[in-house]
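Before any comments, here is the structure.
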Amino acid sequence: MERFDLVVIGAGPSGYAAAMRAIDFKKKTLLIEKAKVGGAGVTNGALSSKTWWELSREASAFRKNLKRYNIKAPHVIYKEIQGEVRKAVQERKSMLEEHMLKLKNSNYSQLLQFKTGTARLLDANEIEITKGAQTEVVWAENIILATGSRPRYLPELPIDEKIVMTSEGIEDMDDFPESMVIVGAGVIGCEFATIFSGFGRTKVHLIDKGDRILPFEDEDVVRIIERNMENNDVLIHRNSRLINMKKVNERVEYELEYNDGSRETFNVEKALVSVGRIANLEDLWDDKVGIDISKRGIDNNDTQTNVPNIYAVGDLTADISLVNVGELEGRYAVEKIFGKPLRQLVYENISTIMFLSPEVAGVGLNENQAQEKEIDYKVVTLEYSTIPRAIAKRNTQGFIKLLVTNDDAMKILGMKVVGNNASSAIQAVAVLISMDKGIEELAECVHPHPSITEGIQECARMLMGKSLFKPAALLGRLSCRRWVKGIYEDIIF
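At position 276 of the sequence shown (counting the first as 1) the number is 799 in the working numbering, and the numbers step up by one without a gap.
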């Protein structure tokens, strides 16, 4: 029986990151994957869907630019778009595989092994690997479970991945549907609504049980996203509940009940069910292993399960299901096993991006979260229309919002950027949050000109009472307020 210092089950983002960190410690490591290297994060998750989003955004911008010159936009061909997405996926997958192959011919050749097959824990140290009719057992001093997740199925819906689909079937269509209903108005559902409406070929319906999409987001963020969706002909079913869905003549018929008790029936070509994901835990270990699980996944303490030498990372845990978080957890678990992490694993300063129209990026707390935690804060908002780079790009839709503590230290609590290049604007603030710093460093940093990050600097200066533009003179474009004990009040400099 071959023995390893570490066996990692699952070669998605978190498992791959864990294996690569383990060889940094010069530990003999086995990485096992039953399907595709890269996992859902590459094949039908983050990379794939974001490639769709980039192409959709380009198509939408192209149509708008041609409209300026009264030129009719060409027909968007689904197979061309689909082919480009698959190229992107293959590029990433090939690079990951090439990387592992070349490691075999390097100084790491005795440290890393990769096996394909289905892994199952027989006990706390022995792992059975099955590939077709072949079975082998290996021994591991430590184990990291990183088997990822899959779309959640609702048993009452006729999901067949052809007409009624999840994210696993959506990319295998033959053409853009003329109409599509999306069940679930969370981040993924809203991203797909943005993607398909952006190509201009699909009438999108979006079912939302509340009075607005993305209920965890601040109202000013949601207002822009909803307006852009509706301008792109998305029909948002607010305050509605799906009570029936069935396939009729190779199409989808669904019935909604609204909060006032009224009902309405719609007919569309396709349906996308986007109601979350569930962890891949089935038959992963023998009962005698005794790993504790809850409804949200594997119970863990800083990635460590109740079985001391077994760790769980990525989508298997109850924490945030994001690629960057999964990679962070995978690396952290290895550092906890073989060394001592430099800092505690925290989730408060995780950077996030929502690929909507416009792009939304954030780090730390938003206003909703700060209010739920009963934290008094100061908040400054600056519209893109005041930023030279946004004016030059001829797209001034969006804003920057910065939250700080309501005291003289003004330590950064969080930031949200809505608009072009949002994701490139947040990283400096993420570092300052992790360092528990205030805004003085942000205000005095020399930013490139013209750039979107100049708007962040102006936000910091506004809070310090020394901004170029004064909120009192540009009401509606700038605001500086504080939230104290449930009440807003303006700050006037």
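All C-beta atoms, glycine included, are put in the ideal place defined by N, C-alpha and C.
R1000 places its beta carbon less than 8 Å from that of E906. Listed in chain order, the alpha helix (DSSP H) elements of length 4 or more contained wholly in the region 918–964 are 950–957.
Boundaries for S579: no beta strand (DSSP E) harbours it, while the alpha helix (DSSP H) harbouring it runs 569–591, taken from the DSSP string. Residue A642 holds the alpha-carbon nearest to the alpha-carbon of D806 among G561, A642, I1014. When the alpha-carbon of K818 is set against those of I801, D809, T826, N829, the nearest one is in I801. By the neighbour-count criterion, in which 16 or more other beta carbons inside 10 Å mark a residue as buried, D731 falls on the buried side.
Remark: C-beta atoms of G671 and G562 approach each other more closely than 8 Å. The residue from L965, V969, L998, P973 with its alpha-carbon nearest to that of A983 is L965. CA-to-CA, the gap between A953 and N872 works out to about 6 Å.
When beta bridges are read from the DSSP output, S672 appears opposite A802.
Taken through DSSP and simplified to helix, strand or coil, F789 comes out as strand. According to the DSSP assignment, A835 belongs to the beta strand (DSSP E) that extends over 833–835. Apart from the 5 residues on each side of it in sequence, K896 has no Cβ closer than 7 Å to any other Cβ in its chain. E882 is not bridged by DSSP to any residue. In the structure shown, R609 falls within a helical segment according to DSSP collapsed to helix, strand and coil.
DSSP places T909 within a helical segment (H, G or I) once states are collapsed to three. Comparing C-alpha distances from P678 to each of E649, E603, I766, M696 shows the shortest one belongs to I766. For V757, the CB contacts under 7 Å within the same chain, skipping 5 residues up- and downstream, are A716, S720, V727, L729 in chain order. Note that the C-beta distance between E780 and S797 is not below 8 Å.
Bounds of any alpha helix (DSSP H) do not take in M524, whose DSSP letter is neither H nor E.
Here G937 is near V886, since their CB atoms are less than 8 Å apart. The alpha carbon of Y900 has as its nearest neighbour, out of L926, R673, F922, the alpha carbon of L926. When DSSP states are grouped into helix, strand and coil, H970 belongs to the coil group. Closest option to Q892, judged by alpha-carbon separation, among T639, W1006, T552: W1006. In terms of Cβ geometry, I652 and I666 do not form a close pair [threshold 8 Å]. The bridge partners DSSP lists for N665 are L529. Straight-line measurement puts the Cα of L851 at about 17 Å from the Cα of V565.
By the CB criterion at 8 Å, A647 and S537 fall outside the cutoff.
A direct Cα-to-Cα measurement between D528 and N823 gives close to 21 Å. Taking the Cα of P597 as reference, the smallest distance to any Cα among F722, D697, L554 is reached at F722. The beta-carbon separation of N943 and P994, rounded to 23 Å, does not stay under the 8 Å limit for a contact. According to the DSSP assignment, F637 belongs to no alpha helix (DSSP H) but to the beta strand (DSSP E) extending over 635–639. DSSP places L986 in the uninterrupted alpha helix (DSSP H) bounded by 976–986. Each residue's CA atom was taken as its position, placing N772 and E694 some 22 Å apart. M877: member of the beta strand (DSSP E) spanning 874–877, first to last residue. Partner residues in the beta bridge of D1013, as assigned by DSSP, are R1004.
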